[in-house]
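Engineer: The opening residue of the sequence shown carries number 10 in the numbering used here; numbering runs sequentially from there. Cβ coordinates follow ideal geometry from the N, Cα and C atoms, glycine included. Here you go, one structure.
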Amino acid sequence: MLEKYQIKRNFQKTPEPRGKAAKSKDNHFVIQKHRARTLHYDVRLEIEGVLKSWAVPKNLPLSLGEKHLAIETEDHPAQYLNFEGIIPEGNYGAGVVQIWDQGKLKLKSYELRKLVFCLQGKKLTGKYVLVKIEKQPKKGKNWLVFKTKA
Ligand code: MN
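Take a look at the structure:
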């Protein structure tokens, strides 16, 4: 599950973890503020030993009724939950990565095109839904994320 992640990076040049799939009982999430070519927030959910990941330009919504675009990206290793640092110029994702929030994740349901989960972080708490909005399920990377009543 981490092949795409590893192929995109030269671990001699980036401080990011190489990573391997990890086993843990509690699931976690992290949201990293990433000042790359464009500022975005990387939302990563620990599922089945890896971090399922989305780049979310406007971050997760704070209130009910807002829907934000989330762009699916490659799975990241669980070790990325604590990653902060500077990815050097010329490398994939070059720029500053800072942890914006992190905490516990409770997965409510997990389907190919729809995830329901609860976050218990320092800044974000509550129940969220991620839905893939592409008509052809195997193509495209666009999802919507919104908050829902707990
Ligand atoms: Mn990013």
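Contact between the stretch 22-36 and the stretch 78-96 is defined here as three or more beta-carbon pairs at a separation below 8 Å; is this criterion met?
Structural biologist: At 8 Å Cβ cutoff, the stretches touch.
Engineer: Please state whether DSSP places Ile80 in a helix, a strand or coil.
Structural biologist: DSSP places Ile80 in strand when its eight states are reduced to three.
Engineer: Does the distance from the C-beta atom of Val39 to that of Gln111 stay below 7 Å?
Structural biologist: Yes, the pair counts as a contact, with Cβ atoms nearer than the cut-off.
Engineer: So which of Lys147, Met10, Ser118 and Val52 has the shortest CA-CA distance to Asn91?
Structural biologist: Among Lys147, Met10, Ser118 and Val52, the Cα nearest to that of Asn91 is on Val52.
Engineer: Given a threshold of 16 other Cβ atoms within 10 Å of its Cβ, counted over all protein chains shown, does Tyr119 qualify as buried or as exposed?
Structural biologist: Tyr119 comes out exposed.
Engineer: If I measure Cβ to Cβ from Val59 and keep anything under 6 Å in the same chain, skipping five residues before and after, which residues do I get?
Structural biologist: Here the set comprises Met10, Ala30 and Asp84.
Engineer: Excluding sequence positions up to five away, which residues of its chain have a Cβ less than 6 Å from the Cβ of His49?
Structural biologist: Excluding positions up to five away in sequence, the list reads His43, Ala64 and Pro66.
Engineer: By Cβ distance, which residues of its chain are closer than 8 Å to Ala159, with the 5 residues on each side in sequence left out?
Structural biologist: Excluding positions up to five away in sequence, the list reads Cys127, Gly135 and Lys136.
Engineer: Which value, in whole angstroms, describes the spacing of the CA atoms of Leu71 and Glu55?
Structural biologist: The straight-line gap from Cα to Cα measures roughly 21 Å.
Engineer: Mind checking Thr157: buried by the 16 CB within 10 Å criterion, or exposed?
Structural biologist: By the 10 Å Cβ count, Thr157 comes out exposed.
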